[in-house]
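S.K.: In the working numbering, the protein residues as written are 759 to 1077. In this text, a Cβ means the ideal position worked out from N, Cα and C, and glycines have one as well. Just so we're clear, the structure is a prediction, and the values are computed from it rather than from any experiment.
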Ligand code: 5GP
Ligand code: MN
């Protein structure tokens, strides 16, 4: 049986599903669990949405957002655990044991590094977003797709392609987008809710990161310390999107933002342009992602983390 048929059979045969996605959930993570979940619910299934905290509130305009982590402790009578948009089960932190407790697990993802850890794995490294794969699955299974579902799926497509700017914005990405419009998605509404809702603390942190940005050898980098976040009364979510503004700098091919976490580790966000492959860099530090966007966490002081990542980039470029 083809993978897509195996996934569709599970969605049709079983009655209850827990949908998981990764830590630091982004638009594709939230969009794929909500899009799939809404459709399953309309089809009469029981659905739980489980997301590692903190859940990014900026996506609260999507229908069913308020159901995320509601009664999440009551997973014992759910039959199937599905993990979306995550290359491996480490990406859900301590929720990992919950997912592994299910008799049947499904893995739906578009990361090339995916570890194929589930009972059924549907991984398409060419898909521009996990929500694009969800759309394919819903159509293939003849499950419902309405305007709310297509808005959630479009949110994932829009954010994971960098508003159709990244190299993964291939022909399929536009075709999926067009299909979602046919199902009722409203791109202007979604873009407004996602890109024009910056908070003041976010804009202050952005200003600080840009002031501190250095560009050497086609590498642009900056950093944000915990005390900066506290000074502006900001949350971790307020650091999202800063790298996407940094990435606009001309001539840089590697763009890196270092953020000190609550646990005093360093969270590294990487973006690559042209032939730069940032996934290779992130993987060296135990992270992963895509060629053009990747990340990792380094358990060291800020200055050490910066030195190590910059030297690795310079080394890899020589090869
Ligand atoms: P961001 O910089 O936005 O946090 O992450 C960019 C992309 O890199 C994410 O969409 C995700 O695919 C990937 N990514 C980020 N952090 C990690 C990580 O720690 N492990 C893995 N495997 N992928 C990551
Ligand atoms: Mn994704």
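#1: Can you say whether residue 909 is buried or exposed, counting buried as having 16 or more other CB atoms within 10 angstroms of its CB?
#2: Do residue 983 and residue 954 have their C-beta atoms within less than 8 Å of each other?
#3: Would the region 1057-1067 and the region 929-946 be scored as touching if the rule is three or more Cβ pairs under 8 Å?
#4: Just reading off the beta strand (DSSP E) that residue 786 is part of, what are its end residues?
#5: Identify the residues that DSSP records as bridge partners of residue 840: which are they?
#6: In the DSSP assignment, what residue or residues form a beta bridge with residue 980?
#7: Does at least one heavy atom of ligand 1 sit under 7 Å from the Cβ of residue 1027?
#8: Quick test of your reading: residue 911 and residue 793, contact by CB under 8 Å. State the CB separation rounded to the nearest angstrom.
#9: Would you give the residue range spanned by the alpha helix (DSSP H) that residue 903 belongs to?
#10: Ignore the nearest five residues each way along the sequence and tell me which others in residue 787's own chain have a CB closer than 6 Å to its CB.
#11: How far does the alpha helix (DSSP H) with residue 947 in it reach, from first residue to last?
#12: Quick check: the region 1009-1029 against the region 1050-1060, are there 3 or more CB pairs under 8 Å?
#13: With a Cβ-Cβ cutoff of 8 Å, do residue 819 and residue 951 count as a contact?
#14: Tell me whether residue 965 sits in a helix, a strand or coil according to DSSP, three-state version.
#15: Which two residues bound the contiguous alpha helix (DSSP H) that contains residue 934?
#16: For ligand 1, I want to know if residue 869 counts as a neighbour, meaning its beta carbon is within less than 7 Å of at least one of the ligand's heavy atoms.
#17: Out of 857, 821, 849, state which residue places its alpha-carbon closest to the alpha-carbon of residue 830.
#18: Output the boundary residues of the beta strand (DSSP E) element that contains residue 1025.
#19: Is residue 967 close to chain B? Criterion is C-beta to C-beta, closer than 8 Å.
#20: Is it right to say residue 874 is buried, meaning 16 or more other beta carbons lie within 10 angstroms of its own, or is it exposed?
#21: Near residue 741, what residues of its chain come up, given a Cβ to Cβ distance below 8 Å and the 5 sequence neighbours on each side ignored?
#22: On a Cα-Cα basis, can you pick out the residue from 1048, 999, 765 that is closest to residue 878?
#23: Check this for me: beta carbons of residue 1029 and residue 1005, under 8 Å apart or not?
#24: Over what stretch of residues does the alpha helix (DSSP H) that includes residue 1065 continue unbroken?
#25: Under the criterion of a Cβ to heavy atom distance below 7 Å, does residue 782 qualify as lining ligand 1?
#26: Identify every residue that forms a DSSP beta bridge with residue 879.
#27: Tell me whether residue 849 is buried or exposed, calling it buried when 16 or more other Cβ atoms sit within 10 Å of its Cβ.
#28: On the criterion of 16 or more Cβ atoms from any shown chain inside 10 Å, does residue 759 qualify as buried, or is it exposed?
#29: Could you check whether the Cβ of residue 849 sits closer than 7 Å to any heavy atom belonging to ligand 1?
#30: Assign residue 847 to one of three DSSP states: helix, strand, or coil.
#31: Assess, as a yes-or-no matter, whether the region 927-937 is touched by the region 958-977 under the definition of 3 or more beta carbon pairs within less than 8 Å.
#32: Would you please state the rounded distance, in angstroms, between the beta carbons of residue 866 and residue 891? I believe it to be under 8 Å.
#33: Tell me the rounded alpha-carbon separation between residue 1009 and residue 964.
M.R.: Inspection of the coordinates gives the following:
#1: Residue 909 should be labelled buried.
#2: Not in contact: residue 983 and residue 954 (Cβ atoms no closer than 8 Å).
#3: No contact exists between the region 1057-1067 and the region 929-946.
#4: Boundaries for residue 786: no beta strand (DSSP E) harbours it, while the alpha helix (DSSP H) harbouring it runs 785-800, taken from the DSSP string.
#5: Its beta-bridge partners are 777, 864.
#6: BP columns for residue 980 point to 1015.
#7: Under cutoff, so the answer is yes.
#8: Right, their Cβ atoms sit about 4 Å apart.
#9: Secondary structure note for residue 903: it is in no alpha helix (DSSP H), with a DSSP letter that is neither H nor E.
#10: Within the same chain, 779, 780, 843 come within 6 Å of residue 787 by CB-CB distance, once the 5 residues on both sides are set aside.
#11: 945-953 is the span of the alpha helix (DSSP H), which, as asked, contains residue 947.
#12: Cβ pair count under 8 Å is three or more, so yes.
#13: Against a cut-off of 8 Å, the Cβ pair of residue 951 and residue 819 comes out as a contact.
#14: Of the three classes helix, strand and coil, the one that applies to residue 965 here is helix, per DSSP.
#15: Counting along the chain, the alpha helix (DSSP H) containing residue 934 begins and ends at 929-940.
#16: Residue 869: yes, Cβ under 7 Å from ligand 1.
#17: Selected option, being the one with the closest Cα: 857.
#18: 1024-1030 is the span of the beta strand (DSSP E), which, as asked, contains residue 1025.
#19: Looking at the structure shown, chain B is missing, and only one protein chain is on hand.
#20: For residue 874, the number of other beta carbons within 10 angstroms of its own is below 16, and it is reported as exposed.
#21: Here the chain comprises residues numbered 759 to 1077, so residue 741 is not present and cannot be evaluated.
#22: When each option's Cα is compared against that of residue 878, the closest is 765.
#23: In this structure, residue 1005 lies closer than 8 Å to residue 1029 by Cβ.
#24: Here the alpha helix (DSSP H) through residue 1065 covers 1060-1076.
#25: Within the cutoff, so yes.
#26: Under DSSP, residue 879 forms a beta bridge with 865.
#27: Classification of residue 849: buried, given that the 10 Å Cβ count is 16 or more.
#28: With fewer than 16 other Cβ atoms within 10 Å, it is exposed.
#29: Short note on residue 849: C-beta closer than 7 Å to some heavy atom of ligand 1.
#30: When secondary structure is reduced to three states using DSSP, residue 847 falls in the helix class.
#31: Contact fails: fewer than three Cβ-Cβ distances are below 8 Å.
#32: Contact check for residue 866 and residue 891: beta-carbon distance about 6 Å, within the 8 Å limit, so the pair qualifies.
#33: Each residue's alpha carbon lies about 20 Å from the other.
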